[in-house]
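Engineer: Following this message is one structure expressed as structure tokens.
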Amino acid sequence: MVLDLLWVEKSHLSARDIFERLNNLGRNIGHTSVYQNLEALQSAGVIECLDRASGRLYGYRSDPHSHLTCTKTGRIQDLDVELPAELLRQIEAHTGYAIESYTMQFTGHPLASL
Ligand SMILES: [Zn+2]
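My numbering applies: residue 2 is where the sequence shown begins, and numbers increase by one.
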């Protein structure tokens with residue numbers, strides 16, 4: 002149920018959000034079960050976990066990806082951003098590390114619509 006909800010919502014939710022949405026859907030699941038399932042899914046690498054100032058959020062993707070956070074609403078969107086190979090080579094030369102994966106954090110607000 003927890004995983005289903007994350008897949009359907011395709012966003013980043015707190016344990017409380019997940020608990021409330023499942024109960025609103027008529028799913029009879031307790032707080033503790035929600036937490037236990039989230040912990041198990043996260044330690045199995047099935048879901049992602051973001052630690053934000055406002056608390057811990059869970060998302061349905063576990064592969065490396067970037068995030069765009071709206072400065073007006075706080076909504077977090079998943080993004081797939083690919084850096085140019087040349088830039089990755091420069092970073093490797095600069096740091097002496099072979100880059101295996103990367104994620105980026107973007108913040109912004111909606112472009113004014115005309
Ligand atoms: Zn995400």
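Cβ coordinates follow ideal geometry from the N, Cα and C atoms, glycine included.
Provide the residue span of the beta strand (DSSP E) that contains residue 59, from first to last.
Structural biologist: For the purposes of this step, residue 59 is taken as residue 58 along the sequence shown, with counting starting at 1. Element bounds for residue 59: 56–60.
Engineer: Would you tell me roughly how many angstroms separate the C-alpha atoms of residue 68 and residue 52, rounded to the nearest one?
Structural biologist: Indexing the sequence shown from 1 puts residue 68 at position 67. Indexing the sequence shown from 1 puts residue 52 at position 51. Going from the Cα of residue 68 to the Cα of residue 52 covers about 13 Å.
Engineer: Within the continuous alpha helix (DSSP H) that includes residue 17, where are the two ends?
Structural biologist: Walking along the sequence shown from the start, residue 17 turns up at place 16. It spans 16–25 - the alpha helix (DSSP H) in which residue 17 sits, taken as one unbroken run.
Engineer: Output the boundary residues of the alpha helix (DSSP H) element that contains residue 34.
Structural biologist: Within the sequence shown, the letter at position 33 stands for residue 34. It spans 32–44 - the alpha helix (DSSP H) in which residue 34 sits, taken as one unbroken run.
Engineer: So if DSSP puts residue 68 in a beta bridge, which residue, or which two residues, is it bridged to?
Structural biologist: Working through the sequence shown from its first residue, we reach residue 68 at position 67. Paired residue(s): 79, 106.
Engineer: Consult DSSP for residue 90 and reduce its assignment to one of helix, strand or coil.
Structural biologist: Sequence index remark: in the sequence shown, residue 90 carries index 89 (1-based). Residue state, collapsed to three classes: helix.
Engineer: Using DSSP's beta-bridge definition, name the partner residues of residue 49.
Structural biologist: Taking the first residue of the sequence shown as 1, we reach residue 49 at position 48. Partner(s): 60.
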